[in-house]
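Notes to accompany the following structure.
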Amino acid sequence: MKNTSYSKNQQAAQVIAQAYDSPPLAYVHSFGCQQNVNDGEKIKGILVDLGYGLCDTPEHADLILFNTCAVREHAEQRVFGNVGALKAYKKANPKLIIGVCGCMTQQETVVEKLKMSYPFVDLVIGVDGMDRLPQLLADRLMGGKRVMEKPVEPATVMEGVPIRRDSSFRAWLPIMYGCDNFCTYCIVPYVRGRERSRTPAAILEEFTQLVEQGYKEITLLGQNVNSYGKGLEEPMDFADLLNLLCQVPGDYQIRFMTSHPKDASHKLIDTMAAQPHICKHFHLPVQSGSDRILKEMNRHYDLAHYLELVDYAREKIPGVTFSSDIIVGFPGETEEDFQATLDLVEKVEYMQLFTFIYSKRTGTKAASMPDPYTHKDKTERMARLLALQDKIASRQVASLVGQTQRVLLEGHGRFEGLLNGRLDNNLVVEIPGRPEWIGRYARVKFTGSRATILTGELEELL
Ligand code: 5AD
Ligand code: SF4
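Residue numbers are given in our numbering: position 331 of the sequence shown equals residue 320, and the series is strictly consecutive.
As structure tokens, this is what we get:
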């Protein structure tokens, strides 16, 4: 596998500088997962490198770029709606450049639709198009044609891309790209291509820089971090990588997502137990509690395997919490299958669940499976699952009241004077506090709970 490295396109920067009287402004909006958000941060880095300023709203932008998500139909519809609304901006400012990139544009049907029905869109590029972006922008500014790139399978890893991170204390760090698993409901392997791991050296370098810059929480990203290392020259697995990173001195915590249960190992759990830098929270998407459905989903594990991992982690990592993704209403999911999911949720007692009603994705295997249940059946099941989860999470949250723990103060609370902090186990606590404390660790006493969040008081800023 070939790595490429970013270099600034000076010529494009010159064209852009000459096209405007003052530095142009770019509005970049990313939809979807953290991987996409991180891609968006790199796109912003490239644009700043080219001479753009960044703005938080599209009104006064000279360039609007939507970095899209394709994982569910609802996400795609939202993007089409948002793109449609840009027509008015283009009318008001004919010099405005509108671009669409990311996972949606890896699908031919989407490119075709944007080409035919959204004539005010100037650029359509795929997930690996950020290195071409400067030239494409320059060409368009010099009166070139609209660019509607045909999707190609992403196949490289690009290093050295400048980045404009959204936060000064929490960072996303991709360790691998793509996915080889082909879960039957999922579009990701089709749009993000085959698994490619970054080298340990490149990851370590970025990680060390982040720690030196004072980042307090670094989240390692990959569609399946547990299969990190496949295809690398020197063999290394995800647990080895974690051990390598934890040698970097500093005051920081590491999170990671997403772990596929079929590849999660005891070695990984032992590493989480042994390394104080790693948060005691395990996001382990189960998708369904029915062995029959797991097979239909092509998940390559059964319930017994999943529960064994949960038990092992509970035994080795005191206080560990679990979260999960669950799909409700996969084609042919019966009441009995769904009941098995509820049973599993009761058994594991997740702290958090990310729940999704199955969304049919053209091109995936599940899209052609018979699906006799109605949307109403599925929303009813979803309501039952959410009610159960609320009960479980509230109970667990309440059981922490009275404890004092270190939390990372990560943002504003519900109203002025309140801050949200995140516990090692990924729960949120709300405390009275000042905005300048955001980004710091604090010792917080948990004094109460409200549904699935804790409320507390500052004991000490750390
Ligand atoms: N429909 C519903 N949910 C989906 N996910 C992925 N594909 C689909 C789909 N077609 C969910 C899975 C995955 C999460 C990121 O999104 O639960 O873990
Ligand atoms: Fe999609 Fe499955 Fe890959 Fe996750 S592991 S990205 S759900 S195919």
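Built from N, CA and C at the ideal position, the CB exists for glycine as well.
Specify, as a first and last residue, the run of the beta strand (DSSP E) that Glu446 falls within.
Annotation for Glu446: the continuous beta strand (DSSP E) segment containing it runs Ile442 to Leu450.
Please work out which residues of its chain come closer than 6 angstroms, Cβ to Cβ, to Asn415, disregarding the five sequence neighbours upstream and downstream, and give them in chain order.
Counting only Cβ-Cβ distances below 6 angstroms, and skipping sequence neighbours, we find His270.
Consult DSSP for Phe327 and reduce its assignment to one of helix, strand or coil.
Three-state result, Phe327: helix.
Going by DSSP, which residues form a beta bridge with His272?
His272 pairs with Ser312.
Which stretch, first to last residue, makes up the alpha helix (DSSP H) that contains Pro178?
Following the DSSP letters along the chain, one finds Pro178 inside the alpha helix (DSSP H) bounded by residues Val177 to Arg181.
Suppose you measure from the CA of Ile420 to the CA of Leu407; what does that come to, to the nearest Å?
Ile420 and Leu407: Cα-Cα distance of roughly 6 angstroms.
I want to check one thing, is the minimum distance from the CB of Gln276 to the heavy atoms of the ligand 5AD below 8 angstroms?
The answer is yes for Gln276.
Cα separation between Asp226 and Gly167?
Straight-line Cα distance between these residues: approximately 17 angstroms.
Taking 8 angstroms as the cut-off, is the CB of Cys172 close to at least one heavy atom of the ligand SF4?
Indeed, a heavy atom of the ligand SF4 lies less than 8 angstroms from the Cβ.
Taking buried to mean at least 16 other C-beta atoms within 10 Å of its own C-beta, is Val141 buried or exposed?
It is exposed - the Cβ of Val141 has fewer than 16 other Cβ atoms within 10 Å.
Among Ala144, Ser156, Ser157 and Asp413, which has the Cα closest to the Cα of Pro265?
When each option's Cα is compared against that of Pro265, the closest is Asp413.
Where Lys102 and Val72 are concerned, what is the direct C-alpha to C-alpha distance, given to the nearest angstrom?
Here the alpha carbon of Lys102 sits roughly 12 angstroms from the alpha carbon of Val72.
Which residues does DSSP pair with Met430 in a beta bridge?
For the record, residue 430 in the displayed sequence is Tyr; it is not Met. According to the DSSP secondary-structure assignment, Tyr430 is paired through a beta bridge with Leu397.
Please list the terminal residues of the continuous beta strand (DSSP E) segment that includes Glu369.
For Glu369, no beta strand (DSSP E) encloses it; the enclosing alpha helix (DSSP H) starts and ends at His364 to Ser388.
Where Ala144 falls: helix, strand or coil (DSSP):
Ala144 carries a coil assignment under DSSP once its states are collapsed to helix, strand and coil.
Would you call the region 62 to 82 in contact with the region 196 to 209, where contact means no fewer than 3 C-beta pairs closer than 8 angstroms?
By the Cβ rule, the region 62 to 82 does not count as touching the region 196 to 209, because fewer than three pairs are nearer than 8 angstroms.
Buried or exposed: Gly318, going by 16 or more other Cβ atoms within 10 Å of its Cβ?
So Gly318 counts as buried.
Proximal residues to Ile86 (C-beta, below 8 angstroms), its chain only, five neighbours per side dropped:
Only Asp51, Leu52, Ile53, Asp111, Leu112, Leu126, Arg129 and Leu130 meet the Cβ criterion.
Would you call the region 94 to 101 and the region 131 to 150 in contact, with 3 or more CB pairs under 8 angstroms?
Yes, the region 94 to 101 touches the region 131 to 150.
Helix, strand or coil: which one does DSSP assign to Arg244?
In the three-state reduction of the DSSP assignment, Arg244 falls in the strand class.
Kindly confirm or deny that the region 34 to 45 and the region 171 to 187 touch, where touching means at least three C-beta pairs closer than 8 angstroms.
Short answer: they don't touch.
Going by the DSSP bridge assignment, what does Leu412 pair with across the sheet?
Beta-bridge pairing links Leu412 to Val396.
Local conformation of Cys22 per DSSP, three classes:
If DSSP states are grouped into helix, strand and coil, Cys22 belongs with coil.
Segment limits, alpha helix (DSSP H) that includes Ile5
Counting along the chain, the alpha helix (DSSP H) containing Ile5 begins and ends at Gln(-1) to Ala8.
Length of the line joining the Cα atoms of Thr536 and Pro320
With the chain covering -10 to 451 only, the question about residue 536 has no answer from this structure.
How big is the Cα-Cα spacing for Phe171 and Glu285?
Cα to Cα, the separation comes out at about 11 angstroms.
For Leu210, the residue or residues it bridges with in DSSP
The bridge partners DSSP lists for Leu210 are Pro163 and Met246.
Under the criterion of a Cβ to heavy atom distance below 8 angstroms, does Asn213 qualify as lining the ligand SF4?
Yes, the ligand SF4 has a heavy atom inside 8 angstroms of this Cβ.
Please classify Ile306: does DSSP put it in a helix, a strand, or coil?
Collapsing the DSSP output to three states places Ile306 in coil.
So does the region 429 to 449 actually touch the region 389 to 404, counting three or more Cβ pairs closer than 8 angstroms?
Verdict: yes, contact present.
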